[in-house]
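Single-structure report; data block below.
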Amino acid sequence: MDFLTKELIYQMTPQKITGLLYEVCIDQLEAAIQAIEAGHLLEANTKCQKVNDILERLGVGLNYEAGIIADQLDTLYNYMANQVIIGNMRKDPVVLKEVLDICNRLASSWNEAMSMGDVEAQRLHYQKTSAYDKNVMVLNRD
Numbered sequence: 003m004d005f006l007t008k009e010l011i012y013q014m015t016p017q018k019i020t021g022l023l024y025e026v027c028i029d030q031l032e033a034a035i036q037a038i039e040a041g042h043l044l045e046a047n048t049k050c051q052k053v054n055d056i057l058e059r060l061g062v063g064l065n066y067e068a069g070i071i072a073d074q075l076d077t078l079y080n081y082m083a084n085q086v087i088i089g090n091m092r093k094d095p096v097v098l099k100e101v102l103d104i105c106n107r108l109a110s111s112w113n114e115a116m117s118m119g120d121v122e123a124q125r126l127h128y129q130k131t132s133a134y135d136k137n138v139m140v141l142n143r144d
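Going by this note's numbering, the residue at position 115 of the sequence shown is 117; the numbering climbs one at a time, nothing skipped.
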């Protein structure tokens, strides 16, 4: 991950920060799994704690007025956090790999949704531009 300053983070949209949190969560899970497999249990513990911190932040950032998806994500984040605790206590990479798989799917879906949002924004910009051009043409005829 690139070096991020506080100023750069403050300039990011909440959507980009969510994507960044998913990315860091994946990185930390991969590092925890590698640490367990290498027998570096203290390092694995630290990485798992960071993953749970990230999952907590993702849960806190949910907008519950957005509908049922927020409730479902909250439940999923809680499940993932519990599995990380279990995987950390047992030092079981299989449990952490399950959480990693879920996180990869969430990140992929999030990135896809954000790219679709960019396409939608471009479409709306085109519609606004077209409407403006039509009005200008009508005004120029007079």
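Glycine included, each C-beta is placed from N, C-alpha and C at the ideal position.
Measure the C-alpha to C-alpha separation of residue i and residue j and round it to an integer number of angstroms.
| i | j | result |
| --- | --- | --- |
| alanine 68 | methionine 91 | 35 Å |
| lysine 49 | asparagine 84 | 15 Å |
| isoleucine 19 | arginine 59 | 11 Å |
| glutamine 74 | serine 111 | 14 Å |
| glycine 61 | leucine 108 | 13 Å |
| aspartate 103 | methionine 118 | 23 Å |
| glutamine 51 | threonine 15 | 26 Å |
| valine 140 | glutamine 13 | Any reading at valine 140 needs caution, since the residue's pLDDT is 48, under 50, leaving its predicted position unreliable; the model's value is listed next. Answer to the nearest angstrom: the Cα atoms are 40 Å apart. |
| cysteine 105 | isoleucine 28 | 7 Å |
Take the Cβ of residue i as the centre, count every other Cβ of all protein chains shown within 10 Å, and call the residue buried at 16 or more, exposed below.
| i | result |
| --- | --- |
| tyrosine 66 | exposed |
| alanine 37 | buried |
| glutamine 30 | buried |
| isoleucine 70 | exposed |
| isoleucine 11 | exposed |
| methionine 82 | buried |
| methionine 3 | A caution first: methionine 3 carries a pLDDT of 48, below 50, which makes its placement in the model unreliable, though a value can still be read off. When all chains shown are included, methionine 3 counts as exposed. |
| lysine 8 | exposed |
| alanine 40 | exposed |
Leaving out five residues before and five after residue i in sequence, what residues of the same chain have Cβ atoms less than 6 Å from its Cβ?
| i | result |
| --- | --- |
| glycine 89 | Val97 and Leu98 |
| methionine 116 | Gln17 |
Ignore the nearest five residues each way along the sequence and tell me which others in residue i's own chain have a CB closer than 8 Å to its CB.
| i | result |
| --- | --- |
| leucine 43 | Ala37 and Lys93 |
| leucine 101 | Looking at the sequence provided, one finds valine at residue 101 rather than leucine. Hits under 8 Å: Leu31, Val53, Met82, Gln85, Val86 and Gly89. |
| glycine 21 | Ala109, Trp112, Asn113 and Met116 |
| alanine 72 | Leu64, Asn65 and Tyr66 |
| isoleucine 56 | Leu23, Val26, Cys27 and Gln30 |
In chain order, what residues of the same chain lie with their CB nearer than 7 Å to the CB of residue i, ignoring the 5 residues before and after it?
| i | result |
| --- | --- |
| alanine 34 | Ala46, Lys49, Cys50, Val53 and Leu98 |
Quiz prompt | Unbroken stretches of the alpha helix (DSSP H), 4 residues or longer, contained in the segment 49–88 | solution = none
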